[in-house]
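Engineer: Numbering (full-length UniProt numbering), first residue to last: 1 to 191.
Beta carbons: idealized from backbone N, C-alpha and C, even for Gly.
(1) State the start and end residues of the unbroken beta strand (DSSP E) segment that holds residue 121.
(2) At a cut of 8 Å, does the stretch 19-28 reach the stretch 137-144 through at least three beta carbon pairs?
(3) With contact counted as at least three CB pairs below 8 Å, one residue from each stretch, are the stretch 24-38 and the stretch 107-117 in contact?
(4) From what residue to what residue does the alpha helix (DSSP H) around residue 108 run?
(5) Grab the span of the beta strand (DSSP E) containing residue 95 for me, first residue to last.
(6) Can you tell me whether residue 55 is helix, strand or coil according to DSSP?
(7) Could you tell me which of 154, 102, 148, 167 sits nearest to residue 179, measuring between CA atoms?
(8) Taking only three categories from DSSP, how would you classify residue 161?
(9) With a CB to CB cut of under 8 Å and the five nearest residues on each side skipped, what residues in its chain are close to residue 115?
(10) Do you know offhand how far residue 94's Cα is from residue 43's?
(11) Return the Cβ separation of residue 173 and residue 145 in integer angstroms, given the expectation that the two are a contact with Cβ distance under 8 Å.
(12) Residue 81 and residue 68: beta carbons closer than 9 Å?
(13) Name the two residues that bound the continuous alpha helix (DSSP H) containing residue 81.
(14) Output yes or no for whether 9 Å exceeds the beta carbon distance between residue 84 and residue 169.
(15) My understanding is that residue 11 touches residue 118, with C-beta atoms under 8 Å, so please give their C-beta distance in whole angstroms.
(16) Judging by CA-CA distance, which residue of 79, 77, 87, 47 is the nearest neighbour of residue 66?
(17) Comparing alpha-carbon positions, which option in 90, 103, 97 lies nearest residue 54?
(18) Mind checking which residues open and close the beta strand (DSSP E) that includes residue 10?
(19) So residue 132 packs on residue 92, CB below 8 Å; how close in whole Å?
See below:
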């Protein structure tokens with residue numbers, strides 16, 4: 001597959017998930033709420049032919065790969081994984097820890113794609129989204145973390161994480177209802 005240059009990439013973090021861990025009973029319903037916002041972003045990225053990168057926890061299964069992880073997420077009724085199931089053309093990166101950059105090939109992939117801007121979506125706002133945002137910021141990526149496309153177990157911690165990303169990392173946090181991809185990054189053949 002040939003890599004094409006794109007100014008922005010959509011990161012979908014930990015949404016291909018069985019939600020079978022402590023706290024999942026609170027997080028899963030909140031994750032369901034953000035699916036339409038992520039789907040709308042997927043459509044916007046597809047329209048621009050910009051890359052979509054799934055960054056997913058390996059859930060301590062060191063033998064796991066993309067197919068196995070997706071299959072496990074779909075073993076039970078799982079509307080989140082069903083609606084956001086990665087397509088063949090999408091990139092998929094397994095991460096062992098909280099940040100999408102830690103011990104993964106994301107720091108190699110994004111420059112190969114020519115990406116300078118990242119839209120972060122998924123779960124959990126105050127852990128994996130926050131840690132990925134911090135690592136992205138340290139690598140000089142411009143960030144948009146739409147407030148209606150991330151979820152956490154707790155409203156106050158989610159708000160706190162958004163405030164840190166906005167205040168300390170210069171991340172845009174407008175919801176997708178107030179800002180589109182084309183408002184944030186130049187769209188077109190010369191972008």
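Structural biologist: Reading off the structure:
(1) Mapped onto the chain shown, residue 121 falls at position 121. Here the beta strand (DSSP E) through residue 121 covers 117-123.
(2) A contact between stretches requires three or more CB pairs, one per stretch, nearer than 8 Å, and the stretch 19-28 fails this requirement with the stretch 137-144.
(3) No, the stretch 24-38 is not in contact with the stretch 107-117.
(4) The sequence position of residue 108 within the chain shown is 108, counting from 1. Residues 106-113.
(5) Numbered from 1 along the chain shown, position 95 holds the residue referred to as residue 95. According to the DSSP assignment, residue 95 belongs to the beta strand (DSSP E) that extends over 91-95.
(6) Residue 55 sits at position 55 when you count from the first residue of the chain shown. Three-state result, residue 55: strand.
(7) Counting from 1 along the chain shown, the entry for residue 179 is found at position 179. Check the Cα spacing between residue 179 and each of 154, 102, 148, 167: the tightest is with 148.
(8) What you label residue 161 is simply residue 161 of the chain shown in a count that begins at 1. Residue 161 falls in the helix class under three-state DSSP.
(9) As a working mapping, residue 115 is identified with position 115 in the chain shown. Excluding positions up to five away in sequence, the list reads 6, 7, 8, 9, 51, 141.
(10) Here residue 94 corresponds to residue number 94 of the chain shown, with the count starting at 1. Here residue 43 corresponds to residue number 43 of the chain shown, with the count starting at 1. When rounded, the distance between both Cα atoms is 23 Å.
(11) Along the chain shown, read from residue 1 onward, the residue named residue 173 stands at position 173. Along the chain shown, read from residue 1 onward, the residue named residue 145 stands at position 145. Yes, residue 173 and residue 145 are in contact; Cβ-Cβ is about 5 Å, under 8 Å.
(12) The residue you call residue 81 lines up with position 81 of the chain shown. The residue you call residue 68 lines up with position 68 of the chain shown. No, these two residues do not count as a Cβ contact at 9 Å.
(13) By one-based count along the chain shown, residue 81 stands at place 81. Element bounds for residue 81: 79-83.
(14) Taking the first residue of the chain shown as position 1, residue 84 is located at position 84. Taking the first residue of the chain shown as position 1, residue 169 is located at position 169. In this structure, residue 84 sits away from residue 169, with a CB-CB distance that is not shorter than 9 Å.
(15) Here the question's residue 11 lines up with position 11 in the chain shown. Here the question's residue 118 lines up with position 118 in the chain shown. The distance from the Cβ of residue 11 to that of residue 118 is about 6 Å, consistent with a contact at the 8 Å cut-off.
(16) Counting from 1 along the chain shown, the entry for residue 66 is found at position 66. Closest option to residue 66, Cα to Cα, is 87.
(17) The residue you call residue 54 lines up with position 54 of the chain shown. Residue 54 has its Cα closest to that of 90, out of 90, 103, 97.
(18) Residue mapping note: residue 10 aligns to position 10 of the chain shown, counting from 1. In the DSSP assignment, residue 10 falls within the unbroken beta strand (DSSP E) covering 8-13.
(19) Against the chain shown, residue 132 aligns to sequence position 132. Against the chain shown, residue 92 aligns to sequence position 92. About 15 Å; that fails the 8 Å criterion.
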